[in-house]
Each structure stands twice: as structure tokens, then as C-alpha cells.
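Undergrad: Got a structure for you, written out below as C-alpha cells; questions coming shortly.
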Amino acid sequence: MQAVVPNVQQPIDVNISPELESGQTYQGRATFYDAANPAGGKGNSGYDVLSGDALAGITAINNVQWNASEASGAFLEVSGPKQTDGAAPIIVQVSDLLYERADGLDLSAEAFFEVADPVDGVVDIEYKLISPDDNFVTPYGNSIGQGIVVEGIPESNPYYGAIRLNNHRNPVESVDLLEEDGSLVPLERGSDNRFVLNTGSAISEAQDLVVTDIFGQQVTLNDVDIASGSSADVVTGEQFDIV
């Protein structure tokens, strides 16, 4: 009689670093969730809820690599059992936090189907951070080459300047207000991936912002209105280089 080989999952990497690293392949478990109906109405990154084919392009990431929302918007190349059998790896964008685990990803159900049979429920995967090229179109509809997208915050006002960023090629480490004298005033990053200016003074005009990615690259976004109360997105045309 032929022995039955159990489906033994890979051990969890207990030494995983909070910050995603270029060139590093991570191993972990993948599960899936209903990304069309996230808890709380939106994922923890604060991005719009998607529908249709776009759902196959998003994931939640473990509570270590979430790194206080720094992983928001990151692009990951993922391989699972179907890739072992010859399928091409998939690319997903981080849009949510996987509270319950310190390893792996909680893929949208649609993305999980691209790497494994849903009846398996939990599978081993490999994933790595990537810098998509300019022609890559994100689940939210813009190409990387169009530049970083500034998402307006409806609650913003002259005493509460706030924005959220999407469509950035690499994860964002910080956002700073660029003063006329060249000095930088940091915006505070919230758990919902919004950046807030806390100066105690009213904001009377559009601002220039310096955005820094996790590799130290910087781009300047000019004339960004962080206090208008508008929910409109602004496509900036400015983008980080490929790493």
C-alpha cells in the first residue's frame, strides 16, 4: 500500500522583519477572505472597496509586516501550489491588515483562487516585495506611470489637514510638509494609513509635500490641498524609481 503523504505546512518565520525588504522572499501561510465586504466597511489601508475582477489584486498582510500601516499599498508577487504546477505568479496590492497572524497573507478569495484550490483553505506560499513597471495597472485603476495618487479625506479642514496615498511604486515611509525655508514638518501616519498635519495653526493654501519611500527615495508633490474636505483623487505624475 502506498503511504499517504500529509500536507505539512512550512514553519512560521519567527524572525520576520517588520519592514518589507527588496530581494527577500518570504514564506508563510495563505488564507482568504471576502474582500468585497471587509470588516468595518473598508480595509485598514482606507482604500475604496473594490468589485469584480479588481478583487483578484488585493490582500491583507500579517500583523508584523503591516508595520503600523507602512505596508499599505505595497505590491507583492505571490506563488502557491498552482505556481508550483506551472502557473505564473500573481501580483497583489496590500490593502488590509491580517490581525490574527504574524506570518503570510490573507488573500482576497479571488486572488487565493489564482494560487490554490479554495477547498484547501490554508496553503503555503512564497511572496516578495516588487516595484511594478510604469505599465502596471493597479486594482484601483491607475497605471504606475501616472504617478502617486493623493486621496482626499472628506473630514479634512483648515485645522485638520489629512491625505492618503495610493499608486506609489514602493511602500511609503513618511510624508513631510515642505516649508518655504526648506525645512520639513512631518505628517503623522495613522493606523488607517492617513497622514495628518498637526501644527495647531490653520492651513490656508495648498502645500508642497515630500514623500519618502522605504528605500530613501524622495519625490515632491506640489500644490496638494490637504484641507479642502474633498474626497477627490489627484493623480500627481510623480513616482518613485524601480528598486
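Quick note: the sequence shown uses this note's numbering, first residue 26, plus one each step.
Note that CB positions come from ideal geometry on N, CA and C, so glycine has one too.
From a predicted model like this one, the values you see are computed outputs, not experimental measurements.
1. Using a 10 Å radius around the Cβ and a threshold of 16 neighbouring Cβ atoms, would you call Ser-70 buried or exposed?
2. Can you check whether the CB of Val-117 is closer than 8 Å to the CB of Thr-163?
3. Would you grab the beta carbon distance between Ser-76 and Ala-64 for me? Rounded to a whole angstrom, and I think it's under 8 Å.
4. Can you tell which of Glu-135, Ser-253, Gln-90, Gly-170 has its C-alpha closest to the C-alpha of Arg-194?
5. Which residue wins for smallest C-alpha separation from Ser-156, given the options Gly-82, Pro-196, Asp-258?
6. For Gln-171, which of helix, strand or coil comes out of DSSP?
7. How would you call Val-144, buried or exposed, if buried means at least 16 neighbouring beta carbons within 10 angstroms?
8. Between which two residues does the alpha helix (DSSP H) carrying Glu-139 extend?
9. Just to confirm the assignment, what range does the alpha helix (DSSP H) spanning Thr-332 have?
10. In whole angstroms, give me the CA-to-CA distance for Ser-253 and Ser-229.
11. State whether the region 99-107 contacts the region 136-143, with contact taken as three or more CB pairs (one from each stretch) at a distance under 8 Å.
12. What runs of the beta strand (DSSP E), each 3 residues or longer, lie entirely inside the region 187-212?
13. In this structure, how does DSSP classify Leu-80 when only helix, strand and coil are distinguished?
14. Starting from the Cα of Ile-251, find the closest Cα among Pro-183, Val-119, Tyr-152 and give me that residue.
15. For Asp-121, which three-state DSSP category applies?
16. Let me know the secondary structure DSSP gives Val-147 once reduced to three states.
17. Can you tell which of Asp-201, Asp-158, Gly-225, Pro-114 has its C-alpha closest to the C-alpha of Phe-265?
18. When we look at the beta-carbon of Gln-49 and count the other beta-carbons within 10 Å, is it buried (16 or more) or exposed?
19. Distance check for Ser-168 and Phe-161, CA to CA, integer angstroms please.
20. Assuming Val-174 and Val-249 make a contact with CB atoms under 8 Å, what is their CB distance in whole Å?
21. Could you check which residue in Leu-190, Ala-231, Ala-79 has the C-alpha nearest to that of Glu-204?
22. Taking Gly-53 as part of the beta strand (DSSP E), name the residues at either end of that continuous run.
23. Helix, strand or coil for Ser-47 per DSSP?
24. Give me the residue from Ile-150, Gly-111, Ile-115, Pro-114 with the minimum Cα distance to Leu-130.
25. Looking at C-alpha atoms only, which residue of Asn-92, Tyr-124, Leu-45, Leu-132 is the closest neighbour of Ala-81?
TA: Once the coordinates are examined:
1. Within a 10 Å sphere around the beta-carbon of Ser-70 sit 16 or more other beta-carbons, which makes this residue buried.
2. no
3. Not quite, the Cβ-Cβ distance comes to about 17 Å (not below 8 Å), so this is no contact.
4. Measuring from the Cα of Arg-194, the nearest candidate turns out to be Gly-170.
5. Pro-196
6. helix
7. exposed
8. Run containing Glu-139: 134-140, per the alpha helix (DSSP H) assignment.
9. This structure does not reach residue 332, given that the chain is present from 26 up to 268, and the question cannot be answered.
10. 10 Å
11. yes
12. 197-203, 209-211
13. helix
14. Pro-183
15. strand
16. coil
17. Asp-158
18. exposed
19. Phe-161 and Ser-168 have their C-alpha atoms some 5 Å from each other.
20. That pair is no contact at about 11 Å.
21. In this structure, Ala-231 is the residue among Leu-190, Ala-231, Ala-79 with its C-alpha nearest to the C-alpha of Glu-204.
22. Per DSSP, Gly-53 belongs to the beta strand (DSSP E) from 50-58.
23. strand
24. Ile-150
25. Leu-132
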